[in-house]
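What follows is one structure encoded as structure tokens, with my remarks underneath.
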Amino acid sequence: MIPYTVNIKLAARTLTGTLNLQNKTAVDWGWQGLIAQGCHSSILIIDPKTSQTIQVLERHKANVVKVKWSRENYHHSLSSPYSLRLASGDASGKIIVWDVVSGTAHCEIQEHSKPIQDLEWLWNQDASRDLLLAVHPPNYIVLWNGDTGTKLWKKSYAENILSFSFDPFDPSNMALLTSEGIVFITDFSPSKPPGSGGKKVYIASPHASPAHTKPAPTTAPVPTGAKKALNKVKVLITNEKPTAEAVTLNDCLQLSYLPSKRNHMLLLYPREILILDLELSQTVGVVAIERSGVPFTQVIPCAQRDALYCLHDNGCITLRVCRSTTASDEAADPEQNIQELVYDLRSQCDAIRVTKTVRPYRMVICPVNENSAALAVSDGRVMLWELKAHTGRPSANQSSGLSPLYSPVSFCGAPLGHNQKRVQDLSLNTMIGQTLIPGEAPPPSSSQQEVQLKFLLTGLLSGLPLPPFAIRMCPPLTTKNINHYQPLLAIGTSNGSVLVYNLTSGLLHKELSVHSCEVRGIEWVSLTSFLSFATSAPNNMGMVRNELQHVDLPTGRCFAFRGERGNDEPAIEMIKVSHLKQYLVVVFRDKPLELWDIRTGTLLREMAKNFPTVTALEWSPSHNLKSLKKKQMAAREAMARQTVSDAEQSCVESSVISLLQDAESKSETSQAISAREHFVFTDTDGQVYHITVEGNTVKDGARIPPDGSMGSIACIAWKGDTLVLGDVDGNLNFWDLKARLSRGIPTHRGWVKKIRFAPGKGNQKLLVMYTDGAEVWDTKEVQMVSSMRVGRNVNYRVLDIDWCTSDKVVLASDDGCIRVLEMAMKSASYRMDEQDLTDPVWCPYLLLPRAALTLKAFLLLQPWSGTFTMDITQVDYNEKNEIKGLIQEQLNSLSNDMKSVLQDPELSLLQRCLLVSRLFGDDSDLQFWTVAAHYLHSFAQARQLSVPTAAESQPQSEGARPAAPQNYLDICHDTLCESSYFQKFQLDRVHLQEVKRSSYEHTKKCADQLLLLGQTDRAVQLLLETSADNPSYYCDSLKACLVTTITSSGPSQSTIKLVATNMIANGKLAEGVQLLCLIDKAADACRYLQTYGEWNRAAWLAKVRLNPAESSDVLKRWAEHLCSSQVNQKSKAILVLLSLGCFHKVGEMLHSMRYFDRAALFIEACLKCGVMEANDSSNILFNIFANKLIGAAFVDYARLLRTLGLREGAALWASRAGGAGEQLMEELFQGEEAEPEVVLDGEGTELGPESAE
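So in this note's numbering, the last one in the sequence shown is 1266, and the numbering has no gaps at all.
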């Protein structure tokens, strides 16, 4: 007969605990919506919305020091799907790139054996989305291909590199923070290492640098803390190496570019944050902490608003938002009104209690929405804070003296409809409106409300406490308890509490404070109760206080099992419960053992003084319960028969049964049955004793003399007819009791600490624990099945072991983790999709690539069916039910707010695209739809306002100029913003630079900027400031005269133009461009800049100086340049064209790049907004082009949808594609009888005659 074993499926998993100091920087929150965190050598993947650990990755041998999610800044399709990729670097210099869903490694990278200092994926993913830059100590940066693990290039620098930061506006710029200062690299490229050693700047420590050069006037008030700090940092960044006393050490903790505005960077010091303008290399803002304040440890700048999340030493997270400066009265003394960027504290969360072992490590914020933060604490906790906006009446805020923040009037890029639903607190830029530009009055519109921000703790994950642990799994699953069985693991900890985990979900079931000192051992006495013992530290007599507690799990009741006993006696060595859970043996160090009856809680026998010292003990699995029960049944039946008289023979059956039941219930209450059980133990000489217990009688049985080959016996295990002994020298002795054979095997692994048989009938596997690891043996074959050893395959020490099912073991280790492993004891990463989560997790990346794209199309597509449903079964979708179910689970896990907004008929197509790209954490989609929504609205408004006759003269595709919009595109989009807004921002910036300048160099740069911006009067003032002993004194004076006397007469203009072109030809590009700007030839200046490769500068100049038509020409040339093969930044080019209103060209480009879904949806949005028309009578030629494009885009999207299995959607788009879609329509409707054969190209998209051209 086959042995019958039932197994509740438990996933292999790791319960993690406290972090190692090296894990401090290893935490990252990805665009995919998940948090990765290093814990010793494992990596946890956490879902912040439901606060669950959904995966643990194990492959590193050393502590993990960095983790980074890959970026999602590319168009997702079947060939480049949504996938969870994570890079992690450890202290031994190994980098692993993971496929997180399957828990496997894509590739492993090793360059040196020192800890990885920094790690980052390249954000510009047009050319390749697999590039990973790493800092290998001490001074190498290496670019890797994260998919194949090949090294692309390696570059060394003179100083030790601490960290780096990429410029979020220009992929060729980056900055390295080194031990001596900062190195700026401007020629970073994936194809070759940076050519030069970069531009080095040194940081003089802010406290050591000399005060502001001008002596303060005596009448001026004494500067306050922040002002003082500002004066100190005026001369902060120098190109020459500072003297020894000026720079004691570079205590800069962090450097980051600001993603909210170009060419700004922050430097973090423990007591201040400096904001630098990189064009001037000059401090333009300081966030200083008062003397009594708590120092900073980390700061994260936001992109959507000019705001900073700061983490302080006490675990408090603060949010500071940049104050909008208002231009002050010019007459006031500029010295007194020092203008600077001021970051006001807008919100802060509660601090944590910091102790020696508990301190805040790192904070990460959600990159998609920037409105939630997670704090990793050293004790393994992760605290999840969300920012909430409360709209209130204005009066409340006046007392604080801060200017109010307003809520934005739009939602997802469009003004809010009258009764439109919206998601409160969707992201940072839907919570706070734009900060005002200087000199603008706040809009009077009543719809804008004031906002206060508050942090709310929305989730908390806690880990295991510090090791050591004592673990014990509850009794195994049997056919009798299968209905109410829960796989519970009890963990005794060093502080006296017992944690009970449910291993199906991996969640903490109960935490019970049972003891006052370290728990030494746990034994279960039923499925819901256990005994645990703890011993205090010994006194000078060697005596301790023993605590033996009985704990009932459902009620949490616990009582001292030995009553008053336990004070001042030798320590308990072990407790052993018999197989039927009737008896308990308590073994002491230097005192005879005690035998207890568990059911009644009475002491049966305290052994005599001359009783041998016990070294190992085990209960026998054999007992006489079955025969006893048979006897008892027979006796009861006999009793019942005697009591029934012969006359009542007829109704005997029923009464016998009732009497039997009666007798049975009585016997149960009095627990009359006491089965006979045995235990064996060994003494110090290795002699084996056999003792029988029945009721309250204890009998001594046979003794077996010691085996000469064995040392002192350390442990015994007994199951069926097999008895195994382990000794202190690492020998295992297998006894076959039936055949009366014994076999000794030396393992050569030292002291055998524990041995345990696996549960399940006929399962003779044995788990053995040594000081340096563990092994699994098969006792039938007497051979080893698997083995693990510290230093060889793992880097942690095993503290305790147990079986948790018939084929899985559970190990407690000294890195504070408890691992459930397969019998092979290999790593514990598992497939995420096989897991049983308590709460459903929204993460489309967990789906198969096709299913994820289907889900996206499903969320975008439905408005055409009239109503909007969140039930995938209601659409015609032919796919396996299993995949359908997974998609439906994803839909169900969306919040109710989100569902109601998605089902709202008021939600426009553009808003829906934006919302879905946010839900998917799709960086590239989000950027595209943000810019597209903004410009489609503004051009559509302009068209409505413009007189039709004026619009007829130009082709419809270009649309009219956008009207002055209600709200501008955020400045974080830089040159994509409206010119007027961009101009104001640049003027404000120069004004700030002017106030902050502290040397001739700075003044010269300011004057140059003012000339380019057309602010000639201010520029002349600055030029005349040059002191007479400066070598450029004469030059600057002449320049000032030139600027003031320029007239528009022909000869002077042509002379200046000639001089300018000569200058440019002779390598003086900047000076020549200035001269051209002086005579209003900025368009020529832009052309020269572009010729000499200064594309960004040309775009900047076009934005601030040119009229719309000229500026548009310059930017179109820039877009062409971006599309060229050597630059390959097509996604940027598309955004530039969007900002110019070239919507037809954008549609064509998207279609030619095979972004079929984006192209079709964009063209549809253009048609809806009325900026592209399919039947325009004024321009026949353009009409043909537009219709051809619309047809091609729609039919390709229809094919894509058919590939994904969404037939209805495919039919709808094909029907709208006009003539181009007819063939596909026929195929679709024939397909109801027989599916047509599908031809796929490399992209996994069907090819039709149109796109196959």
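Quick reminder that beta carbons are idealized off the backbone N, C-alpha and C, glycines included.
The C-alpha of residue 135 is placed about 13 Å away from the C-alpha of residue 154. Under the three-state reduction of DSSP, residue 1209 is assigned to helix. In this structure, residue 397 keeps its C-beta atom at 7 Å or more from the C-beta atom of residue 298.
Here residue 277 is bridged, per DSSP, to 290.
When rounded, the separation of the alpha-carbon atoms in residue 687 and residue 538 is 16 Å.
By the Cβ rule, the stretch 496-511 does not count as touching the stretch 834-853, because fewer than three pairs are nearer than 8 Å. As DSSP reads the structure, residue 107 sits in a beta bridge with 123.
In the three-state reduction of the DSSP assignment, residue 1026 falls in the helix class.
Excluding residues up to 5 positions away in sequence, 272, 273, 985 lie with their Cβ nearer than 6 Å to the Cβ of residue 316 in the same chain.
Residue 881 and residue 935 have their C-alpha atoms roughly 23 Å apart. Here residue 548 is not near residue 570, since their CB atoms are 7 Å or more apart. The residues 317, 381, 382, 383, 384, 931, in chain order, have a CB closer than 8 Å to that of residue 440 in the same chain once the five nearest residues on each side in sequence are set aside. Put simply, of 1093, 361, 284, 467 the residue whose alpha carbon is nearest the alpha carbon of residue 403 is 467. Annotated three-state conformation of residue 836 is coil, per DSSP. Residue 1161 counts as buried, since at least 16 other C-beta atoms from the protein chains shown sit within 10 angstroms of its C-beta.
Residue 1139 sits in coil when the DSSP states are folded into three classes, being neither helix nor strand. Burial check for residue 692: the Cβ neighbour count within 10 Å reaches 16 or more, so the residue is buried. DSSP places residue 918 outside any alpha helix (DSSP H), giving it a letter other than H or E.
Burial of residue 1164 is indicated by the presence of at least 16 other C-beta atoms within 10 angstroms of its C-beta. If you check the CB distance, residue 359 and residue 334 come in under 7 Å.
Residue 149 holds the alpha-carbon nearest to the alpha-carbon of residue 169 among 184, 122, 149, 495. Going by C-alpha positions, residue 770 is about 18 Å away from residue 811. Annotated three-state conformation of residue 894 is helix, per DSSP. According to DSSP, residue pairing for residue 515 in a beta bridge involves 501, 520. Listed in chain order, the non-local C-beta contacts of residue 1018 below 6 Å within the same chain comprise 293, local neighbours out to five positions each way being set aside.
Around the C-beta of residue 200, fewer than 16 other C-beta atoms lie within 10 Å, and the residue is accordingly described as exposed. For residue 58, the enclosing beta strand (DSSP E) covers residues 55-60. When Cβ pairs closer than 8 Å are counted between the two stretches, the stretch 571-587 is seen to touch the stretch 602-609, the count reaching three or more. With fewer than 16 other beta carbons inside 10 angstroms of its own, residue 805 counts as exposed. Rounded to whole angstroms, the gap between the alpha carbons of residue 1041 and residue 353 is 30 Å. Secondary structure within the stretch 772-843: not one fully enclosed alpha helix (DSSP H) run of 4 or more consecutive residues is present.
Residue environment: residue 982 is assigned as buried (16 or more neighbouring CB atoms within 10 Å of its CB, all protein chains considered). One thing to note: residue 281 has its Cβ no nearer than 7 Å to the Cβ of residue 295. Distance between residue 1073 and residue 1088, taken at the CA atoms: about 6 Å.
The shortest CA-to-CA distance from residue 1021 to any of 826, 647, 1083, 702 is the one to 1083.
When rounded, the separation of the alpha-carbon atoms in residue 1008 and residue 862 is 54 Å.
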